[in-house]
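Trainee: My questions will all concern the structure given below.
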Amino acid sequence: MATLTAPAFSIEEFLLAERGKDLLRFSTAGSVDDGKSTLIGRLLYDTQSVYEDQVKSIEGKGTTAPGQIDFALLTDGLRAEREQGITIDVAYRYFSTARRKFIIADTPGHEQYTRNMATGASTADAAVVLIDASKGVQIQSRRHAYIASLLRVRHALVAVNKMDLIGYDEPTFRAIESDFKAVLEQIATDTGTPVEVHFVPVSALKGDNVVHATDAMPWYAGPSLLELLEALPSAQETSSAPFRFPVQRVLRPDHTFRGFAGQIASGTVHRGDEIAVFPSRRSAKIERIVTFGGDLEEAIAPLSVTLVLDRELDISRGDLIAGIGATPVVASSVKASLVWMDQRPLDLNRRYLLKHTSHTVPAFISLVDHRVDLSAFKHEPALTLRMNDIGAVSLHLLRPIAVDLYRDNRSTGALILIDPETNATVAAGMVTAAEGQSVTEEEDEAAAWGRVTAGEREARWRHRGGVLELSGSSQLIDAVERSLFAIGAATCRIDAGQRASLEQLGLLDAVTDLQTQSGLLTILARAGEEGALTASAGGFEITLDAENRMHAVAAVHQLLERAGIFISSEGADL
Amino acid sequence: MPVAESESVKTSPPTPTGPSPRLNHLRLLEAESIHILREVASEFERPVMLYSIGKDSSVMLRLAQKAFYPGPIPFPLLHIDTGFKFAEMLTFRDEMARRVGAELLVWRNEPAIAAGTNPIVLDTKRCCGLLKTQALLDALRHYKFDAAFGGARRDEEKSRAKERIYSFRDTAGQWDPKNQRPELWNLYNARIHPGESIRVFPLSNWTEMDVWQYIHEEKIPVVDLYFAKERPMYVRPIGAGQEALLPIEQDFVARPGEKPQMVKSRLRSLGCSPCTGAIRSDADTLPAIIAELIGFYSSERANRVIDHDQEGSMEIKKREGYF
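Written out as structure tokens, the structure is:
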């Protein structure tokens, strides 16, 4: 590298400069012929981010003219891709300039890879959208721009590539620019997220305007693609947003310390700040911000820290600590945009697991509101969503969660859906509306004289309503029931005989639903193999070869915690 | 950002307690890795950290200390010992485990070691298969680990660039690159069926440069073999004016007539001694290593024999269950 041979090079200065570099993540998408791999290869090569032996290993290969390096080969990773000559999955690339470090999420552009594009866009601060100058605006460029906007990638850099093929013609470039601006306006109307856009005419093959400016297009005086990437505002706009801190883990090394470990999703926290915990809405003050390197006075997103509060609150994994002021909404009904990612289409009768921040709750999709036709950006009615479809749905959660709208918070407004049978990640979701459960004065009044609420029952029994199915020896089932009774759980046991008669009357579901709504933990017991125990709750299932009762009991309590029926880990301590 | 130092701009000293308003890349990478470590520790029944003693493992271990501070690291460390690790590495391993107070498990494929498996009797591919891959799969099965942290980075090798942070493995421990779970935001899908497992790579987004800078900034101890000094080596010409420097740890490495020479050298990555070539170097401090790295014209794994056996060999090994 040139810097090393320069006489003035000093490693200390270099390290000091490195300390000031931040990180920008951007996604790219393009189809087989867009020249995307070539563009990225060029970006890596021209910023000296490729080692000599990597260049050697591709010299003389590929499809370019003799003597010309096929840059695409630098980034085409997997065997299947080399065989088919296409990029089939998200690949991550790294390079750095004197100003900043970059992570590229490099994704294929074909329709069947919409899910990969969404994956790449989910963590990106910017999207580099490729348009082939010789073909004009194609469907995959529209799709990429739409997904970038839907996932709230704020900046789109439109690289109009293969300018060399059209003789570096300005009018063609301008026509593409105006076509695509119209597309972006349509998109912004649909997704509600305007994208800041820049257009750059480039030739990845020749290197024009990728890293270095070029003489080939005197009519373009703007920055090169890399110069634009270096100048974009950094990702950390979130440090001024409302404070959000999903609790990942309670750290309790001994009785003197109880801290809540997590990564700040947005905003800033100071020692002494007043905070509220969701969904319980209890409040406290920040006593300490603990890190391995010493306590902090303040911490900003996205640091990972451990918070200590000034009073004992019942907080566990999945709870959300938030600043007072702009608070999240506690909701069990949300609307969301979904990108469907699984071979099995969306099924309204199926229960999914919804993962949001650090908790997982069972959920049903109650309605498909519409499907988006990406070729026309039109909404069309739909009964389901298939792989790579994008649509809007209404979700019903079996437990309320504290959420923000994705538009306001890319972390606390995002979710994934998991199929509990196959364990596949079937969809990515962006919360667009949440029906709140706010506390008003009337509700305070109700708390004194009114009907007993689920929250109050949870606070007393330290668990939520739910169904625990147990199959195994009666000795082990008795031990589990006894252990739940011992910690004050409110249980109702239905044995095989009772279950059969309820089923005969078609009443089993009605009874368990009623009990769950009343906050009771229903134990559905069934005799099974001696010395073995199968337990399932909330979509989780365990099978144990349990000789030891204590092991079986501990495992079932863990299961109830995982399934979200136990509110805090205290209940599981035996 | 580097600011020209003049008397007039030196107003207040930087406060050591508060973070800078803009986090640099190392702080951002650190925060992401700690988040991953905490997620895994919270969502899996039996996680383990693969500890290979190298620089990446050293960084990963420090991040684990940070993630659970002031508590202890809530999972054991597992070292797959092929029997060909440098003696210095094993001393360092035991010392580090003691210092951080973590439980250390060591697993060796004893039958294969007893049978005299080495990369010269077999080829490197089959040797790795028995001493690393098989040993790893046996250890994971024996202890019933359902998640295993590894220090691999995506910038290391082409097939690693597509690796997920949570990399799903089937009941045989195999990786299917065409059937990976989509991974969005920082929402990781930790659900597995019995017998399946997840390999987790908290350093996925770090580059070799990031790792060295972090070691420098955080003063993380690393094995002395990374620093240049006069060491006995077999110097073997490999054609085209190139040479290989082979450490003398194992007798069988030498070819007839080869005599060790003292060469000022260091290792760029630590593997098994018969398959890890050294490089000539004067870099005997961390800044010198970083300076050397800036000028490197060969990528890190070029010194490891395994990736060059055939095109895509790392991908093949990974499909079979290798880390």
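These protein sequence lines map, in sequence, to chains A and B.
The numbers in this note's numbering rise by one with no breaks, and the one at position 118 of the first sequence is 118.
The numbers in this note's numbering rise by one with no breaks, and the one at position 111 of the second sequence is 111.
By construction, the Cβ of each residue, glycine as well, lies at the ideal position given by its N, Cα and C atoms.
All figures in this text were calculated on a predicted structure; none of them were measured in a lab.
Looking at C-beta atoms only, is the number of pairs between the region 280–293 of chain B and the region 258–269 of chain B that lie closer than 8 angstroms three or more?
Mentor: The region 280–293 of chain B, when compared against the region 258–269 of chain B, does touch it at the 8 angstroms Cβ threshold.
Trainee: Just the Cα atoms here: how many angstroms apart are B:L131 and B:K85?
Mentor: Their Cα atoms are separated by approximately 11 angstroms.
Trainee: When the Cα of A:Y220 is compared with those of A:L229, A:E170 and A:V431, which residue comes out closest?
Mentor: Nearest option by C-alpha distance: A:E170.
Trainee: Taking just the CA atoms, how far does B:G173 sit from A:L398?
Mentor: The straight-line gap from Cα to Cα measures roughly 34 angstroms.
Trainee: Of the choices A:L520, A:E503, A:I487 and A:L417, whose alpha-carbon is the least far from that of A:R457?
Mentor: Taking only the C-alpha atoms, the option nearest A:R457 is A:L520.
Trainee: As an exercise, report each continuous beta strand (DSSP E) stretch of at least 3 residues that is fully enclosed by the region 162–238 of chain B, in chain order.
Mentor: DSSP runs (the beta strand (DSSP E)) wholly in the region 162–238 of chain B: 166–169 and 197–200.
Trainee: Starting from A:D369, follow the alpha helix (DSSP H) in both directions and report where the run begins and ends.
Mentor: It is not in any alpha helix (DSSP H) - A:D369 instead sits in the beta strand (DSSP E) that spans H359 to D373.
Trainee: Excluding the 5 residues preceding and the 5 following B:F227 in the sequence, name in chain order all residues of the same chain whose CB lies nearer than 8 angstroms to its CB.
Mentor: So the qualifying residues of the chain are R266, A283, D284, T285 and I289.
Trainee: Count the other CB atoms, across all protein chains shown, that sit within 10 Å of the CB of B:P182; report buried if there are 16 or more and exposed otherwise.
Mentor: Under this definition B:P182 is a buried residue.
Trainee: Anything in chain A within Cβ reach of B:G71, meaning under 7 angstroms, just list it in chain order.
Mentor: L251 and P253, listed in chain order.
Trainee: A:A496 to A:S474, Cα distance in whole Å?
Mentor: Approximately 11 angstroms between the Cα atoms of the pair.
Trainee: When Cβ atoms are compared, which residues of the region 177–194 of chain B fall closer than 9 angstroms to chain A?
Mentor: Residues passing the 9 angstroms Cβ filter: P177, K178, Q180, R181, P182, E183, L184, W185, N186, L187, Y188, N189, A190, R191, I192, H193 and P194.
Trainee: For chain B, check one thing: does any of its Cβ atoms lie closer than 7 angstroms to the Cβ of A:R115?
Mentor: Interface residue, yes.
Trainee: If we define contact as Cβ-Cβ less than 7 angstroms, is B:Q213 a contact residue for chain A?
Mentor: Closer than 7 angstroms: yes.
Trainee: Going residue by residue through the region 124–153 of chain A, where are the continuous beta strand (DSSP E) segments of at least 3 residues, counting only ones entirely within it?
Mentor: Taking only runs of at least 3 residues, the beta strand (DSSP E) segments lying wholly in the region 124–153 of chain A are 126–132.
Trainee: Report buried or exposed for A:K101, applying the criterion of at least 16 other Cβ atoms within 10 angstroms of its Cβ.
Mentor: It is buried - the Cβ of A:K101 has at least 16 other Cβ atoms within 10 Å.
Trainee: Taking 8 angstroms as the limit between beta carbons, can you name the residues of its chain near B:A190, skipping five residues before and five after?
Mentor: For B:A190, where only same-chain residues beyond five positions count, the Cβ hits under 8 angstroms are E39, V40, E43, F44, A147, Y166 and I198.
Trainee: Among A:A525, A:E298, A:R482 and A:T97, which has the Cα closest to the Cα of A:Q498?
Mentor: Among A:A525, A:E298, A:R482 and A:T97, the Cα nearest to that of A:Q498 belongs to A:A525.
Trainee: Can you tell me where the alpha helix (DSSP H) with B:Y143 in it begins and where it stops?
Mentor: Run containing B:Y143: A135 to Y143, per the alpha helix (DSSP H) assignment.
Trainee: Less than 6 angstroms between C-beta atoms, sequence neighbours within five positions excluded: which residues of the same chain meet that for B:W107?
Mentor: The residues are I80, A135 and A139.
Trainee: Which one of B:V223, B:V222 and B:N205 has the shortest CA to CA distance from A:Y92?
Mentor: The candidate whose alpha carbon is nearest that of A:Y92 is B:N205.
Trainee: Quick check on DSSP: helix, strand or coil for A:Q186?
Mentor: Three-state result, A:Q186: helix.
Trainee: Can we say the region 311–327 of chain A touches the region 260–276 of chain A, given the rule of at least three CB pairs closer than 8 angstroms?
Mentor: Contact between the region 311–327 of chain A and the region 260–276 of chain A is present, because at least three Cβ pairs lie under 8 angstroms.
Trainee: Just curious, the alpha helix (DSSP H) that A:N579 is in, first and last residue?
Mentor: The requested residue 579 of chain A is not part of the displayed model; chain A covers only 1 to 574.
Trainee: Which value, in whole angstroms, describes the spacing of the CA atoms of A:L15 and A:G294?
Mentor: About 23 angstroms.
Trainee: Contact criterion: CB-CB distance below 7 angstroms. Does B:S197 meet it with respect to chain A?
Mentor: False, the Cβ-Cβ gap to chain A never drops below 7 angstroms.
Trainee: Jot down the residue ranges of each uninterrupted beta strand (DSSP E) in the region 496–556 of chain A, minimum 3 residues, whole runs only, in chain order.
Mentor: Counting whole runs of 3 or more residues, the region 496–556 of chain A contains the beta strand (DSSP E) stretches 521–527, 532–537 and 540–545.
Trainee: Hey, how far is the Cα of A:V431 from the Cα of A:L560?
Mentor: So the alpha carbons of these two residues sit roughly 27 angstroms apart.
Trainee: Can a CB atom of chain B be found closer than 7 angstroms to the CB of A:S122?
Mentor: A:S122 counts as touching chain B.
Trainee: Nearest-angstrom Cα distance between A:L260 and A:E312?
Mentor: First, the residue type needs correcting, since residue 260 of chain A is Phe and not Leu in the sequence shown. Approximately 12 angstroms, taken between the alpha carbons.
Trainee: Quick one, which of A:V511, A:A126 and A:L309 has its alpha-carbon nearest A:V197's?
Mentor: Nearest of A:V511, A:A126 and A:L309 to A:V197, Cα basis: A:A126.
Trainee: How big is the Cα-Cα spacing for B:Q261 and B:D251?
Mentor: Each residue's alpha carbon lies about 14 angstroms from the other.
Trainee: Under a Cβ-count criterion, where at least 16 other Cβ atoms within 10 Å of its own Cβ denotes burial, should B:I36 be classed as buried or exposed?
Mentor: Buried, since its Cβ has 16 or more Cβ neighbours within 10 Å.
Trainee: Out of A:T268, A:T191 and A:I104, which has the shortest C-alpha to C-alpha gap to B:T207?
Mentor: Out of A:T268, A:T191 and A:I104, A:I104 has the C-alpha closest to the C-alpha of B:T207.
Trainee: From what residue to what residue does the beta strand (DSSP E) around B:H35 run?
Mentor: It is not in any beta strand (DSSP E) - B:H35 instead sits in the alpha helix (DSSP H) that spans H25 to E43.
Trainee: According to DSSP, is B:M49 helix, strand or coil?
Mentor: In the structure shown, B:M49 sits in a strand (DSSP, three-state: E or B).
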